[in-house]
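S.K.: Each residue of the sequence shown is one higher than the one before, starting from 4 at the first, in my numbering.
The C-beta atom is built at its ideal place from N, Cα and C for all residues, glycine as well.
Values in this document were obtained by computation on a predicted structure and should not be read as measured data.
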Amino acid sequence: MMSQQPFLFLLLLLAIGFISKNQSLMVAIAVLLVLKVIGTDDKIFSLIHSKGINWGVTIITVAVLVPIATGEIGFKDLTESLKSPYAWIALISGIIVAILGKHGVSLLAESPHITTSLVLGTVLAIALFKGVAVGPLIGAGIAYTAMRIFSFFH
Numbered sequence: 004m005m006s007q008q009p010f011l012f013l014l015l016l017l018a019i020g021f022i023s024k025n026q027s028l029m030v031a032i033a034v035l036l037v038l039k040v041i042g043t044d045d046k047i048f049s050l051i052h053s054k055g056i057n058w059g060v061t062i063i064t065v066a067v068l069v070p071i072a073t074g075e076i077g078f079k080d081l082t083e084s085l086k087s088p089y090a091w092i093a094l095i096s097g098i099i100v101a102i103l104g105k106h107g108v109s110l111l112a113e114s115p116h117i118t119t120s121l122v123l124g125t126v127l128a129i130a131l132f133k134g135v136a137v138g139p140l141i142g143a144g145i146a147y148t149a150m151r152i153f154s155f156f157h
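1. Determine the contact status of ALA149 and LEU110, defining contact as a CB-CB distance below 8 Å.
2. Please report the residue range of the alpha helix (DSSP H) in which HIS52 lies.
3. Can we say the stretch 10-20 touches the stretch 121-134, given the rule of at least three CB pairs closer than 8 Å?
4. Judging by CA-CA distance, which residue of LEU68, GLY134 and GLY42 is the nearest neighbour of SER6?
5. In this structure, how does DSSP classify ILE76 when only helix, strand and coil are distinguished?
6. Would LEU85 be called buried (16 or more neighbouring beta carbons within 10 Å of its own) or exposed?
7. Which stretch, first to last residue, makes up the alpha helix (DSSP H) that contains ILE41?
8. So, are the CB atoms of ALA112 and SER27 less than 8 Å apart?
9. Which ranges would you report for the alpha helix (DSSP H) in the stretch 78-145 if only whole runs of at least 4 residues count?
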């Protein structure tokens, strides 16, 4: 029964993805299920687990930089945007998120048991609130910060 548990858990999550009509969640789970069924999971899962976040961050970064590469955004747009208070809020938010993400990576490496709660929280946010699966890394960074604050007072 223990070897069936991951398969059943993934099927449950697939059902949640289907009910919530979350295509990203369904595709991710389908890929994992296919890898399990064809028997390549032992080799590929460890690679995805160790490198997947970096690959995902790279893909997101490429997507964000496309308007610069196409010329849609240039230096003029940058200088104009920095005249806006919203641009400064976005700049500071970007810095904070990057720092939280850095601490999130540290927390996940030091306390892998935290991953379970973070993944569950991410799946719930995707399924129930149409969230995006950037949650575990940023969530870990927020958890790290909250834990540091908590430990400071205890």
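M.R.: Per the coordinate set shown:
1. The count along the sequence shown starts at 1 and reaches residue 149 at position 146. The count along the sequence shown starts at 1 and reaches residue 110 at position 107. No, the pair does not count as a contact, with Cβ atoms beyond the cut-off.
2. By one-based count along the sequence shown, residue 52 stands at place 49. That run of the alpha helix (DSSP H) goes 44-73.
3. yes
4. Counting from one through the sequence shown, the residue named residue 6 turns up at place 3. Here the closest residue by C-alpha is GLY42.
5. As a first step, residue 76 must be located in the sequence shown, where it is residue number 73. Here ILE76 sits in coil by DSSP.
6. As a position in the sequence shown, residue 85 is number 82, starting the count at 1. LEU85 should be labelled exposed.
7. On the sequence shown, position 38 is the one that residue 41 refers to. Note, ILE41: premise wrong, no alpha helix (DSSP H); not H, not E.
8. If you number the sequence shown from 1, residue 112 lands on position 109. If you number the sequence shown from 1, residue 27 lands on position 24. Contact: no.
9. 78-84, 88-113 and 117-132
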